[in-house]
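Protein sequences appear in the order of chains A and B. Position 26 of the first sequence, counted from 1, bears residue number 26 in the numbering used here, the numbering being contiguous throughout. Here the numbering used here runs 533 ahead of the position in the second sequence, where the first position is 1. Backbone N, C-alpha and C define an ideal beta-carbon position, used for all residues, glycine too. In what follows, a structure is listed as structure tokens, so that the remarks can point back to it.
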Amino acid sequence: MALPVAFFALFFAWPVAAIVARGLKVDGAWQFGRVADVVTQPDIRHVLWFTTWQALASTALTLLLALPAAYVFARLDFPGKQVLRAVVTVPFVLPTVVAGTAFLALVGRGGLLDDLWGVRLDTTVWAILLAHVFFNYAVVVRTVGGLWAQLDPRQEEAARMLGASPLGAWRKVTLPALVPAVAAAALMVFLFTFTSFGVVQILGGPTFSTLEVEIYRQTSEIFDLSTAAVLTLLQFAAVGAILAVHAWTVRRRESTLRLVDPKVTTRRPRGSGQWALLAGVLVTIALLLVLPLAVLVQRSLDAPGLGYYRALADSDGGTFLVAPIHAVWTSLQYAAAATAIAVVIGGLAAAALARRDAGRLVRGFDALLMLPLGVSAVTVGFGFLIALDKPPLDLRQSWILVPLAQALVGAPFVVRTMLPVLRAVDGRLREAAAVLGASPWRVWREVDLPLVRRALLVAAGFAFAVSLGEFGATVFIARPDNPTLPVAVARLLSRPGDLNYGQAMALSTILMVVCAAALLLLERLRTDRTGEF
Amino acid sequence: MHNKTLVAVAVGLGLVGLSACGSGSGTSAADSKTVTLVSHDSWAVSKNVLQDFEKKTGYKVHVLKDGDAGQAVNKAILTKDNPQGDVFFGVDNTLLSRALDNGLFQPYRAKALDQVGSAYQLDKDKHRVTPVDYGDICVNYDKAYFSKHKLAPPQSFADLAEPQYKNLLVTENAATSSPGLGFLLGSAAQFGDQGWPDYWKKLKANGVKVVDGWEQAYYQEFSGSSEGRKAGGDRPLVVSYASSPPAEVIYAKKRPGTAPTGVASGTCFRQIEFAGLLSNAKNPKGAKAFIDFLVSKEFQEDMPLNMYVYPVLEGAKVPAEFTEYGPAARHPETMAPEKIAANRDQWVRSWTSLVLK
């Protein structure tokens, strides 16, 4: 427990506090009066309002489109299901720059829809909402679908035998069991869209701005650090509230359900209703998730003889000091280090949280661990720069800074994946082994390890994919001469010319393939118990 | 439990260690034979010119390009106690006061300063910054559009608000883009502190479109640039630079006889870029040598075709394409840095609520 706490104090709380203090402390005195000044500005009020309503709208739209898919993945069995589940998850770990660009290529000027029907959405809020669905579809499918698959269908059948109508049985039996999972998924989607950065930055143009984008503008462009600090605190409060509610729904779910192996709950689609549902879900996935990715791949191939890919190995482009392909290797190394850190920190935290004697304080830490997911990556990045630059912790010149920031985002995923599994390890097994004379080391090896190994691998895989795609904090601290994949993509995109654009598409495609491969491997390792986001 | 912890830590540290071996930590900036330059993404120099400097002085130059100009300045200010390099290049007259007021630089008088035009020396008394280049932010027009519609291209700021130019202009967000800010400052210099909001109300009513950055405006929306044509850009007027037309000629696949775009000469605002020796630089000696290099004839003459700006050194030759297709504006709008400092943030805020909301 001590290690994760120290880690978060040092690499999260302190840098964030440092940057907030930089903005709000004048001659040693805190200027909390600024809070009132800032929130009464009409522009800021507009930002707060837009942030909230677009998050609500995005969440509603995501639930609407993804809940049928959650059902299909949970209850129906069809060929290619595993691959499809991985495909659905790819967008979630893609860097927003890449997804934003894919959407621009789809709905923007000169995009596919523009070419076909003259439809352009790039300056409307629809582009933002659709991109949010693209990203968060998997959150609903995995969180709700994962649980749904484990609900015993016989309970519903029993209700029917007792005379309930199909709808009635579903409403009385399945729905109540699902509500906490739906709520948890909705809250996570709300959290991710509330703090949306890259999507709004790229697709929103100058008129739409979320709190997170505004923090970035105030810090990085207008250099009004005190306004940025106030906005950071506001976002902190909002995220804290969302997470508190989330933790509460998660706890409720864990205590009440009896779960079964998902293998016994699925079957081939039957009846026209189920076939239609399956078809509808497949069409939605094809249009909303696969199409943007396909446009990306198509544009990366839009030069004779894989020209854009070959250009990646050329260092004379002038954008970087190294060949862009070098970023792939840099990214893999960073992500490996970040994964190691996230697994150690998140694993230890999950182990501490899973103990039955864990007190209130420890459980409060659970929510705290999730905070990095919702706190401005910009704030964290700048905080790193100004807080970690003096001995004994002068890390600014060090490569480890990037993996540390990525691990902050990866660790919550490790905790969320490991926690349910660790909680499910039956303490009596350990006791029995000990009684039979096993040493503690042997108990761990023979009892715990086999049970948690797969979860550990899944957690590591997720942390790896998320680290690979992390953009917001990395963009501030990555050494400019040693960019990661997402940073390289963003830099190429901001340069003129077909070649740079094509190279950005090619790098994005590589990133997507690596993420998809990692996720496909994970699908083979899926744990019996559900992990959620 | 304890054993599990230990093993996990051991495994984790092992992994970290392994990957540490792989990536190494690059060059160390503190060594006295290296000069580290911090700049924005537009920094560029010919390889042989830089190698010449390295050979002559024995310094190795390490370049950190850090986002666009505004971001690079802000990040440099945030990290000034322990800077990322020795020299900063790329702070312009619109942001100069922010850098100076925050103590980003320490004084150094460049050797060739006497041969630098005095109009560019905005920190004459203290020499905390050295002028390196200048450029003019001007409205560019698409020649083909105006000849096709038998319409004279606009000449002045006032023209842009005329009904015949309705829905033709695209500009950049003054809050996030330096040409956007330059254009706003140019209009303020033209119409005065009180008059510019009215002018922008007229521009808004006349259908000006605002996008976030120059890339988007020039490469997506503007019908005159080759990328913009490909992207289906439909705005024949864009806020860009006086040096954009030569770029259209030089970068064209098949060199045209004349530039496809022109500059509305009465809409220009002069931007001057500076370099400075960073406070707390680890290699001040190397930094000084590098600043001297930036105003040397060799660098000044190499610069135009790399960064599309004009040299500040008297007698430095400018490429023929520049004089032919994109001469610097004869009477650009200018504004004293103190005046910009006093008004910039307030103006940008008013502009944002006036034009964007």
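Below-8 Å beta-carbon distance, residue i vs any chain B residue
{"i": "A:D152", "result": "no"}
{"i": "A:R217", "result": "yes"}
{"i": "A:F533", "result": "Note that A:F533 has pLDDT 46, beneath the 50 cutoff, so the model's placement of it is unreliable and no number is given."}
{"i": "A:G502", "result": "no"}
{"i": "A:T207", "result": "yes"}
{"i": "A:P79", "result": "no"}
{"i": "A:I222", "result": "yes"}
{"i": "A:F46", "result": "Sequence inspection shows His at residue 46 of chain A; the Phe mentioned does not correspond to that position. Chain B contact via Cβ: present."}
{"i": "A:L385", "result": "yes"}
{"i": "A:E382", "result": "Reading off the sequence shown, one finds Phe at residue 382 of chain A, where the question assumed Glu. For A:F382, the answer is yes, since a Cβ of chain B falls inside 8 Å of its Cβ."}
Three-state secondary structure assigned by DSSP to residue i
{"i": "A:S508", "result": "helix"}
{"i": "A:S535", "result": "Since the first residue shown for chain A is 1 and the last is 533, residue 535 of chain A is missing from the structure and cannot be characterised."}
{"i": "A:H326", "result": "helix"}
{"i": "B:K681", "result": "helix"}
{"i": "B:G799", "result": "strand"}
{"i": "A:R267", "result": "strand"}
{"i": "A:Y501", "result": "helix"}
{"i": "B:E871", "result": "helix"}
{"i": "A:F134", "result": "helix"}
{"i": "A:F103", "result": "helix"}
{"i": "A:S331", "result": "helix"}
{"i": "B:Q688", "result": "coil"}
Residue i: first and last residue of the uninterrupted beta strand (DSSP E) it sits in
{"i": "B:A808", "result": "F802 to L811"}
{"i": "B:I670", "result": "V662 to D675"}
{"i": "B:G623", "result": "V620 to D625"}
{"i": "B:V568", "result": "T567 to S572"}
{"i": "B:S773", "result": "L770 to Y774"}
{"i": "B:V594", "result": "K593 to K598"}
{"i": "B:E705", "result": "L702 to E705"}
{"i": "B:K734", "result": "From DSSP, B:K734 is part of no beta strand (DSSP E) but of the alpha helix (DSSP H) over S711 to A738."}
{"i": "B:V743", "result": "K742 to V744"}
6 Å Cβ shell around residue i - same chain, five flanking residues per side excluded
{"i": "A:V35", "result": "V230"}
{"i": "B:Y698", "result": "P687"}
{"i": "A:G381", "result": "A473, F476 and I477"}
{"i": "B:A721", "result": "W729"}
{"i": "A:A504", "result": "V489, L492 and L493"}
{"i": "A:V415", "result": "G346, A349, A350 and L369"}
{"i": "B:G715", "result": "I670, F802 and Q804"}
{"i": "A:T89", "result": "A138 and L519"}
Residues near residue i in its chain [Cβ-Cβ closer than 7 Å; skip 5 each side]
{"i": "A:A181", "result": "T143, V144, L147 and R253"}
{"i": "B:I824", "result": "V620, Y641, A643, T663, A808 and L810"}
{"i": "A:V514", "result": "L468"}
For residue j and residue i, believed in contact at Cβ under 8 Å, the rounded distance
{"i": "B:Y667", "j": "B:V845", "result": "6 Å"}
{"i": "B:P793", "j": "B:G761", "result": "Wrong, their Cβ atoms sit about 10 Å apart, outside the cutoff."}
{"i": "B:A861", "j": "B:D669", "result": "6 Å"}
{"i": "B:Y858", "j": "B:P779", "result": "4 Å"}
{"i": "A:T232", "j": "A:I215", "result": "6 Å"}
{"i": "A:L106", "j": "A:P292", "result": "5 Å"}
{"i": "A:I459", "j": "A:M418", "result": "The sequence shown places Ala at residue 459 of chain A, not Ile. The Cβ separation is near 5 Å, so the contact holds."}
{"i": "B:Q639", "j": "B:S812", "result": "5 Å"}
Any chain A beta carbon closer than 8 Å to residue i
{"i": "B:S886", "result": "yes"}
{"i": "B:L637", "result": "no"}
{"i": "B:R762", "result": "no"}
{"i": "B:G559", "result": "Bear in mind that a pLDDT of 39 at B:G559, under 50, signals an unreliable position, so the number given afterwards is only what the model happens to contain. With 8 Å as the cut-off, B:G559 counts as an interface residue toward chain A."}
{"i": "B:L889", "result": "yes"}
{"i": "B:G603", "result": "yes"}
{"i": "B:A875", "result": "no"}
{"i": "B:A853", "result": "no"}
{"i": "B:D878", "result": "yes"}
Residue i: first and last residue of the uninterrupted alpha helix (DSSP H) it sits in
{"i": "A:T89", "result": "K81 to V93"}
{"i": "A:V39", "result": "G33 to V39"}
{"i": "B:K589", "result": "K580 to T590"}
{"i": "A:V421", "result": "L401 to A424"}
{"i": "B:K890", "result": "Neither: B:K890 is in no alpha helix (DSSP H) and is coded neither H nor E."}
Residues near residue i by beta carbon distance below 8 Å, same chain, minus five either side
{"i": "A:L535", "result": "Coverage of chain A is limited to positions 1 through 533, which leaves residue 535 of chain A absent and any answer about it impossible."}
{"i": "B:L887", "result": "P730, W733, K734 and K737"}
Residues of the segment 783-804 of chain B with Cβ closer than 7 Å to any Cβ of chain E, in chain order = Absent from the structure: chain E. Protein chains present are A and B.
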